[in-house]
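Numbering (the working numbering), first residue to last: 21 to 504. Each residue gets a CB set at the ideal place from its N, CA and C atoms; glycine is no exception. Predicted model only: the values in this text are computed from it and were never measured. Notes follow the structure.
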DNA sequence: TTTTGAGTTGTTCGA
DNA sequence: GTCGAACAACTCAAA
């Protein structure tokens, strides 16, 4: 019986797993995960995701044990480790799902060549996307840079395949290779700062399945409105599961797709379509990253390369205030604290804090991208890059330069009754709604009654938004008058 | 090749 | 309080 190694990467699940299904049908299966952060280029897995990964690997190992098999864990470079594993268990084939980050693509190419040289068959599958990034192209054969035509093109493609169920059984190899212990990978931080994340999330395939089921049963029906309300669970909250592949993209797509059928009133249908559109944005992010591999570190729109960002010797203390949720703008601070505490931030608030960093503080979007990379449990190079370049005005379909979020108005509009701010900035709990999003404008008596002294209990605003806006428009006009 | 229509997520100002 | 217009110019994608 031939033996196949399934190299798990960002696909920590058993269902909707083409590589695993292929291996299971072929014969004996050796599931393996290799921890090799040095092969991720400029973007090694950040702290929050290491925590998540530790949990998720534990869950995957457990699920595999339930099937009567096991998960081999190793630390080391991928090619050498795979060759060792293949030798130890007499595997003749290694399979995996493709990744699309520039460093991963280079590494995988190297691995494929190296395995071929060693006489081992290597085979990659699409387990991460609805469509391969190269499948969609403009009529001129070029990559898309605008979402709407990309999305239209996507709709002309056949519906993605339905997800396959998890294999019912996996055959063991004649001989198992040695495995490291999960703790040996040293993914867990030495200081225990992850309590809030552990409260907020259940990593793993089961946790993801539950989240998906919950979302398509109810919140998806009000998705278009409620996804903008940070104080309720109106979004799917699937991003960390999709990133780690604990929920397969086809599973998410088809679960939501079912909700677009049959509904005569059309409300549910429209809302479910709205969610599918967001999944298309995820695809678009991968499309862009694949075709423009420099974008994690470089603006897509070249003329932004010389943008006059603030000198970080001067900007350092502003960046720190932003990171710590001490800008004096409640909606910004609430978001940054939610991020620090739970490893996640509501999408609407991500836009607000990003606009604030980039436009109000004139801090390079890459500083924000780095911070998100380290603190988000869903940090994903394609999506993080797309989001920050959008906020920075230098990416695909970027916001027009004059679109500068007013953090007070955004707070008043999307956190009307202040539930979100009060949850994350409890020192402002007693401030009346009217002043909650602009405590500096509250009459002294109102602040006193709320038990708040600005500058002591809660910061004064670190910049005046009106002035900051003018400054940003000035800086942006320098770029907009420049030739590409 | 040239032309044409259009482009995720806002804010401010003045009527 | 509500509403529409202005905020620029550019680039993309398709015809």
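Item, Value
"With DSSP as the reference, please indicate the residues paired to residue 474 in a beta bridge.", "478"
"Let's see if you can read the secondary structure: which residues bound the alpha helix (DSSP H) around residue 23?", "No alpha helix (DSSP H) contains residue 23, which is instead part of the beta strand (DSSP E) from 23 to 28."
"Please name the residue in 55, 54, 435 whose C-alpha comes closest to that of residue 246.", "435"
"Could you give the residue range of the beta strand (DSSP E) that holds residue 51?", "48 to 55"
"Please list the terminal residues of the continuous beta strand (DSSP E) segment that includes residue 128.", "Unbroken run through residue 128 is the alpha helix (DSSP H), 122 to 137; no beta strand (DSSP E)."
"Taking contact to mean at least 3 C-beta pairs separated by less than 8 Å, is the region 370 to 389 in contact with the region 332 to 339?", "yes"
"Within the same chain, show all residues whose beta-carbon is closer than 6 Å to that of residue 390, passing over the 5 residues directly before and after it, in chain order.", "none"
"Just reading off the alpha helix (DSSP H) that residue 395 is part of, what are its end residues?", "385 to 395"
"State buried or exposed for residue 113, treating a residue as buried only when at least 16 other CB atoms are found within 10 Å of its CB.", "buried"
"Does residue 113 come out as helix, strand or coil in the three-state DSSP assignment?", "strand"
"Any contact of the region 311 to 318 with the region 405 to 419, i.e. 3+ C-beta pairs under 8 Å?", "yes"
"So, helix, strand or coil for residue 92, using DSSP?", "strand"
"When DSSP labels each residue in this structure, what does residue 442 get in the three-state scheme?", "helix"
"Tell me the rounded alpha-carbon separation between residue 270 and residue 66.", "26 Å"
"Mind checking whether residue 164 and residue 157 have CB atoms under 9 Å apart?", "yes"
"In or out: residue 101 buried (at least 16 other Cβ within 10 Å) or exposed?", "buried"
"When you compare the CB positions of residue 120 and residue 149, do they come within less than 9 Å of one another, or not?", "yes"
"Excluding sequence positions up to five away, which residues of its chain have a Cβ less than 6 Å from the Cβ of residue 307?", "153"
"Just confirm the distance between the C-beta atoms of residue 460 and residue 446, as a whole number of angstroms; I'd bet it's less than 8 Å.", "Actually they do not touch by this definition, with Cβ atoms about 18 Å apart."
"On a Cα-Cα basis, can you pick out the residue from 69, 310, 262, 286 that is closest to residue 298?", "262"
"Compute the Euclidean distance between the alpha carbons of residue 351 and residue 250, then round it to the nearest angstrom.", "10 Å"
"Is it buried or exposed for residue 353, if we count other Cβ within 10 angstroms and need 16 for buried?", "buried"
"Please report the distance separating the alpha-carbon of residue 77 from that of residue 220.", "18 Å"
"Quick one: residues in its chain with C-beta nearer than 6 Å to the C-beta of residue 561, no 5 flanking neighbours on either side, listed in chain order?", "What the structure shows of the chain is the stretch from 21 to 504, and residue 561 is not part of that stretch, so it cannot be assessed."
"I'd like the ranges of any alpha helix (DSSP H) spanning at least 4 consecutive residues and lying wholly in the region 163 to 225.", "167 to 175, 215 to 220"
"Using a Cβ-Cβ cutoff of less than 6 Å, which residues in the same chain neighbour residue 180 once the five nearest sequence positions on both sides are dropped?", "150, 270, 273"
"Taking only three categories from DSSP, how would you classify residue 435?", "coil"
"From residue 189 to residue 368, what does the alpha carbon distance come to, in whole angstroms?", "43 Å"
"Measure from the alpha carbon of residue 234 to the alpha carbon of each residue in 400, 255, 244, then state which is nearest.", "255"
"Return the chain-ordered list of same chain residues with a C-beta closer than 6 Å to the C-beta of residue 357, the five sequence neighbours on each side being excluded.", "345, 444"
"Does the region 122 to 137 come within contact of the region 58 to 73, defined as at least 3 CB pairs closer than 8 Å?", "yes"
"Residue 302 bridges to which residues according to DSSP?", "In the DSSP output, where bridge partners are listed per residue, residue 302 has none listed."
"Among 197, 138, 116, which residue has its Cα nearest to the Cα of residue 93?", "197"
"How would you write the range of the alpha helix (DSSP H) that residue 453 sits in, first residue to last?", "453 to 456"
"Helix, strand or coil: which one does DSSP assign to residue 144?", "strand"
"Could you say which of 206, 217, 267 lies nearest to residue 74 if we only look at CA atoms?", "206"
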